[in-house]
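Some notes on the structure that comes next.
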Amino acid sequence: MKIRQIMIASLLLFSGTKALAQPERVSVWDGFGDNVYMDAGVGVQALFAPGWQDIAFGKQITPALNLGVGKWITPFWGLHLDVFGYSQNGYRGTPLDKGVEPFSPLNRVDVGYDGSFRYYLRYLGVRADFRLSLLNLITGCEREGALYDLVPFAGMGYKHAFAYRGTTRENLFTGHVGVRNRFSVHRLLDVNVDVVSEWTDNYVNPTKGRYMASVALSAGVSVYLGRRAFRKPVITVPVEAVRYRVDTVLVREVEVPGKDRVIGRVNADRSKWNVVMASIRFSVNRNKPNEGQETQLYEVARFLHDNPGAAVCVEGYADATSGSEAYNRELAGQRAEYVKKQLVDKYGVRSSQVTTKTVGTDVQPYKGEPVWNCVALIRLVK
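Going by UniProt numbering, 48 is the number at position 48 of the sequence shown; the sequence numbering is gapless.
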């Protein structure tokens with residue numbers, strides 16, 4: 001059979017073959033500093049202890065401050081920790097008709113004409129929460145560069161209320177839920193509008209209820225300390241992912257039509273063939289191939305069945321960065337023999353069509369990718 005006819009046959013057999021190299025995916029933990037941000041906010045809040053409706057709402061408004069740090073673990077969820085506090089106003093309505101004495105231990109409080117009195121609360125707290133990127137979840141992907149996102153969150157924390165103007169010192173566990181409206185104004189800067197509802201044990205008016213709640217509305221900014229987008233999975237296709245077009249050998253670098261790069265041209269002279277038909281990869285120190293490469297062996301076997309005058313040489317290689325030279329040479333030979341045995345025993349190729357060659361570490365076919373050199377190349381030689 002003429003050389004040209006063999007090349008055309010190989011085109012028909014291999015043109016639809018996809019790259020079988022395993023994709024090298026970058027973990028979200030690679031570059032842990034990515035998607036880390038610091039935020040700060042200022043706003044107003046109101047405490048809703050039992051009986052709050054008896055007091056004018058405007059008198060309950062106090063400042064709310066927070067400073068925090070967070071990280072998006074994936075495009076869909078993240079963690080956040082912040083310090084918050086300053087002041088809240090608590091009230092107890094008409095206590096005198098209940099026989100409650102406002103001046104013990106609450107001295108120096110403001111007492112209204114109707115007998116109600118005001119607590120001056122000063123506090124500092126820390127809280128942690130779990131956050132979701134709601135719009136990323138809905139779309140099922142990272143909306144990199146999106147202007148707006150809705151971020152619900154929930155968590156728990158701790159609050160210390162200081163003894164101040166008659167109020168007692170208290171240590172309280174807190175729970176909270178909220179939502180952040182996040183506006184991306186720069187690749188490293190967000191503007192946020194947060195609404196947070198918090199609840200704690202009620203020490204302001206325990207005679208009327210066990211718990212009390214507060215609601216805060218604040219505006220702030222988030223500053224990203226590094227890269228804010230997630231690293232995309234990197235799919236690296238090595239040179240063995242070849243396909244043939246008449247007399248041209250190409251490598252598909254990405255799964256995009258028209259992006260094949262010519263890596264060589266096959267000369268009609270048999271002595272200058274040496275076309276790599278397949279590359280069977282192994283793990284370090286292993287003489288059996290990695291899983292998922294069976295189709296490469298099948299296609300080589302089919303080609304040899306259809307072209308009984310053709311022959312291949314299986315070359316065994318090893319990674320030069322680990323192990324002794326003698327050990328690597330023995331391992332490379334075992335790899336080549338194993339691939340030949342698969343072709344002959346499993347796929348029925350005639351033994352005379354397959355030879356082996358031990359290269360070891362004398363040649364490293366994949367520069368800059370040491371692990372790829374744990375390989376057996378199936379080279380078309382006849």
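In this text, a Cβ means the ideal position worked out from N, Cα and C, and glycines have one as well.
Whole-angstrom distance between residue j and residue i, CA atom to CA atom
i, j, result
"residue 266", "residue 379", "Legend: pLDDT at residue 266 = 44, less than 50; position of this residue unreliable, value from coordinates given subsequently. Whole-angstrom Cα-Cα distance: 13 Å."
"residue 297", "residue 231", "33 Å"
"residue 76", "residue 317", "43 Å"
"residue 366", "residue 303", "25 Å"
"residue 386", "residue 81", "Missing from the structure shown is residue 386; the chain here goes from 1 to 382 and no further."
"residue 175", "residue 128", "10 Å"
"residue 185", "residue 220", "13 Å"
"residue 78", "residue 39", "14 Å"
"residue 35", "residue 203", "39 Å"
"residue 306", "residue 289", "25 Å"
"residue 247", "residue 131", "Low local confidence applies: a pLDDT of 45 at residue 247 is under 50, so the model's placement there is unreliable, with the coordinate-based value given in what follows. Straight-line Cα distance between these residues: approximately 56 Å."
"residue 56", "residue 74", "45 Å"
"residue 262", "residue 69", "Residue placement at residue 262 is poorly supported in this model, since its pLDDT is 47, which falls under 50; the coordinates are not used for a value here."
"residue 355", "residue 301", "14 Å"
Residue i, buried or exposed, once every other Cβ within 10 Å from all chains shown has been counted against 16
i, result
"residue 200", "buried"
"residue 163", "exposed"
"residue 277", "buried"
"residue 308", "exposed"
"residue 335", "buried"
"residue 346", "exposed"
"residue 151", "buried"
"residue 156", "exposed"
"residue 319", "buried"
"residue 228", "buried"
"residue 153", "buried"
Nearest to residue i (by Cα), restricted to the options the options
i, options, result
"residue 374", "285, 229, 60, 173", "285"
"residue 401", "372, 172, 42", "Residue coverage of the chain in this structure runs from 1 to 382, which leaves residue 401 outside it and unanswerable."
"residue 32", "224, 334, 336", "224"
"residue 46", "382, 65, 170, 153", "65"
"residue 331", "282, 144, 341", "282"
"residue 329", "287, 381, 299", "287"
"residue 337", "321, 360, 324, 320", "360"
"residue 42", "34, 167, 63, 141", "63"
"residue 59", "179, 119, 73, 37", "119"
"residue 188", "353, 222, 139", "222"
Rounded Cβ spacing between residue i and residue j (contact assumed at less than 8 Å)
i, j, result
"residue 90", "residue 49", "5 Å"
"residue 171", "residue 181", "That belief does not hold up - the Cβ atoms of residue 171 and residue 181 are roughly 32 Å apart, past 8 Å."
"residue 83", "residue 126", "5 Å"
"residue 183", "residue 190", "6 Å"
"residue 311", "residue 364", "That belief does not hold up - the Cβ atoms of residue 311 and residue 364 are roughly 25 Å apart, past 8 Å."
heavy atom of the ligand NAP below 7 Å from residue i C-beta
i, result
"residue 127", "The ligand NAP is not part of the structure shown, which contains no ligands of any sort."
Cutoff 8 Å: residue i Cβ touching any chain B Cβ
i, result
"residue 325", "Judged by its chain identifiers, the structure shown contains no chain B, having just a single protein chain."
Where the beta strand (DSSP E) containing residue i begins and where it ends
i, result
"residue 281", "275-281"
"residue 73", "Unbroken run through residue 73: none, as it is neither H nor E."
"residue 53", "Looking at the DSSP string, residue 53 is not in any beta strand (DSSP E), and its letter there is neither H nor E."
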